[in-house]
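Numbering of the sequence shown is given in my numbering, commencing with residue -17 and proceeding in unit increments.
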Amino acid sequence: MKWLHFYLLLVFVFSTSPTTATVIIDKKDLKLFNLHPLRIIPSELTPTRIEYSNHSMTQIKAYIEKNNEIINITSPIQLSECLGDKVTVIQEMNSHLFSISVQKNKYYKIKAEIKCDMENHLFFKSDSPEGELVQIWQILSLAENFFKNIQRIQFWQNKINVQWPSRGDYYWQDVNITNGQHWDVVAHELGHAIYDQAKIGKFGGGAHKIDECYNSNLALSEGWATFFAGWITLDLHAPDPAFEYLVPRRAPIQIENVPPDRCKGPTNEWRVSSYLWDIVDYHSENIYENTNLPFTTLWDVFQNGDYNNINEIHENINFIFTDKSLIDYLWQFNFE
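Given below as structure tokens:
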């Protein structure tokens, strides 16, 4: 059923310290880290609460409650099959493109009692288990809709599964998530899965921090994942868009502007993210930031690139620009 279809090999593991993330090549290396305690969540969840109001037809609306704010996350959905007084609706969190699992091949479900000929308002508290589940689904759906809108969904041939709750936030076969409320972390880890499936580039290994320089493979793979998280979730018109939970030590992470005292050059993941963001965002700090590059064109540069570093992506983007000075300016602005 579509009423819960909301707008939602490398290992990337966060230790209990928020300052360091590490890329692991083998699963056994997870033993080296102090991961989060494993939370046990029931496989079947219900909305935090449901409110009903009179209506001529059976309708369903869903909302996230966060910081005393109510966010509508669906358009009204008609349920024509509702006969009698009420019906129980069960939505399995599993589609042909993505899923959220308790364990291998066992997917979460959301169960709701729907009253017929009423408007059913389903509320999910953002920091509740049911709220976390819905917010993960929302990010996955955002990614699906993004690629459908730019008519580039064909690459997505393998289902992406989210293992939640996991003991760490990382990508290794599945996307592993500790807290579904951390929307930007979810989008970042999903970015790794997209990067992998679309064969965008190499993955790097080793410890890293967002404000340091390291090897070019790692800077590209981490920087691209953060860029993708912004591409599908942040306001492209905002003058200074920022993430909320990504890298708590430096939160909120601003993708538009990298602090000038940070490590410079194309081996810094933060600068990789900012450079790519300047290509797609609509906020221009000066005339040299108006690239107007279609998303489809940029995605075609990314897909199957098997890049080693951001320099190679820059060369291919530069190749399609008539005005070479424009893209060269963005490179100098972000990296030099």
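Here a beta-carbon is modelled for each residue, glycine too, at the ideal position from N, C-alpha and C. Keep in mind that this is a model prediction, so the values were computed, not measured.
- Contact between Phe317 and Arg232 fails: their C-beta atoms lie close to 19 angstroms from each other, not under 8 angstroms.
- The secondary-structure analysis by DSSP pairs Ala44 across a beta bridge with Leu104.
- Taking C-beta atoms under 8 angstroms as the contact rule, Ile46 and Ser108 qualify, at a distance of about 5 angstroms.
- Trp165 and Gln117 do touch by the CB rule: their CB atoms are close to 6 angstroms apart, below 8 angstroms.
- The DSSP-derived three-state label of Glu226 is coil.
- Here Ile55 really is in contact with Gln120; their C-beta atoms are around 6 angstroms apart, less than 8 angstroms.
- Exposed is the label assigned to Gln139, since fewer than 16 other Cβ atoms lie within 10 Å of its Cβ.
- Fully enclosed beta strand (DSSP E) runs of no fewer than 3 residues occupy 142 to 145, 152 to 154, 156 to 158 and 188 to 190 of the region 130 to 214, in order along the chain.
- Rounded to whole angstroms, the Cβ separation of Trp259 and Gly212 is 6 angstroms, and the two are in contact under 8 angstroms.
- In the structure shown, the three-state DSSP call for Gln236 is strand.
- When the five nearest sequence neighbours on each side are left out, the beta carbons in the same chain lying within less than 6 angstroms of the beta carbon of His37 are those of Met100 and Glu101, in order along the chain.
- In the three-state reduction of the DSSP assignment, Glu114 falls in the helix class.
- Burial of Asp156 is indicated by the presence of at least 16 other C-beta atoms within 10 angstroms of its C-beta.
- Take Lys181, set aside five residues on each side of it, and the residues of its chain with a beta-carbon closer than 6 angstroms to its own are Asn286 and Asp288, in chain order.
- Annotated three-state conformation of Phe303 is coil, per DSSP.
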